[in-house]
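To start, the structure itself, in C-alpha cells.
Residue numbers (the working numbering), protein chains in the order written: chain A, -4 to 107; chain B, -16 to 101.
Okay, structure coming up:
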C-alpha cells in the first residue's frame, strides 16, 4: 500500500498568518494517463470530512481561494494564505492513484 | 441539493454483524461510484471500499475484504455496508461518500458510529 506521510502532525497558527502542510508519498502518484490523484481534505471538529483540493491543485466547489495545493510526483503541499478561525480542524492528504486509496495521518491545525 | 443520509450503526458484540445504509438524493445515484470511509477513535481516516455505478465492480481494503461487503440498490438510491465478524478494532465512525477523482463535487454522509464491544 502507498504510505502517505504528513508533516507537521500538529500546527499551531496565528490568525491571519499563513500555514503550510507537507505530504510525501512512498511511490509516485502519477497515474498511467499522466494524471496525479492527490487530494486534500479538511475535517472540522464534529463534522464530516470535506475535500478542499483534488488532482494536486484544483479547488473543489465553494472552497475559499486562500487554500492552494501544489506539488508533483511524491511531494505535495497544502497552503493556507491567511488562517481564519473556521480553519481549525484536521487536514488529510489522500492518494487516489493506487488502490487501496490511502490517507496521511492527519495534521491538526489549531489557533495559537 | 445533494444529500447522503446514513442509518444503521450502534453497539454490537465481537463476532457480530451489522448493516449500514446510505440514501442519496439530489443527484442521479446510479451515475456515480460510491464509497465507504471510516475513522476510528483517536485515529485518522481510512478507506473501506467502493462500488461501481452498476455494482459490477467493488474494491476493498485488504483488512476488511471477506468480512465487509458493499452493495447498492439504484432503484432505492441506496448504498449498503454489510459488516460481519466484527472486531473491536472495527469500532469507528463510518461515512459514505460520493467522490470523483477527477472532477469537482465531493459529498459525505453525516457519519454513523459503530461500536464493537462485549
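Every residue gets a Cβ at the ideal spot worked out from N, C-alpha and C, and that includes glycine.
If we cut at 7 Å on Cβ distances, does residue i have a partner in chain A?
i             : result
residue 84/B  : yes
residue 135/B : The question about residue 135/B has no answer here: the residues shown for chain B are numbered -16 through 101.
Going by DSSP, name the residue or residues bridged to residue i.
i            : result
residue 35/A : 48/A and 88/A
residue 30/B : 20/B
residue 73/A : 16/A and 64/A
residue 42/B : 33/B
residue -5/B : 99/B
Are any of the Cβ atoms in chain B nearer than 7 Å to that of residue i?
i            : result
residue 46/A : yes
residue 29/A : no
residue 76/A : no
residue 62/A : no
How many Å lie between residue i and residue j at the Cα?
i            : j             : result
residue 31/B : residue 11/A  : 37 Å
residue 93/A : residue 7/A   : 32 Å
residue 55/A : residue 67/A  : 19 Å
residue 27/A : residue -12/B : 35 Å
residue 98/A : residue 59/B  : 31 Å
residue 0/B  : residue 74/B  : 12 Å
residue 2/A  : residue 36/A  : 15 Å
Assuming residue i is part of the beta strand (DSSP E), what are its boundary residues?
i             : result
residue 13/A  : Segment: none, residue 13/A is in no beta strand (DSSP E) and carries neither H nor E.
residue 90/B  : 89 to 91
residue 65/B  : 61 to 66
residue 8/A   : 5 to 8
residue -10/B : -14 to -10
residue 1/B   : 1 to 8
residue 104/A : 102 to 106
residue 12/B  : Run containing residue 12/B: none; DSSP gives neither H nor E here.
residue 55/B  : 51 to 56
(message) With three or more beta-carbon pairs closer than 8 Å as the criterion, would you say the stretch 4 to 14 of chain B touches the stretch 76 to 90 of chain A?
(response) no
(request) Tell me, please, whether the stretch 29 to 44 of chain B touches the stretch 1 to 11 of chain B by the rule of three or more beta-carbon pairs shorter than 8 Å. (result) no
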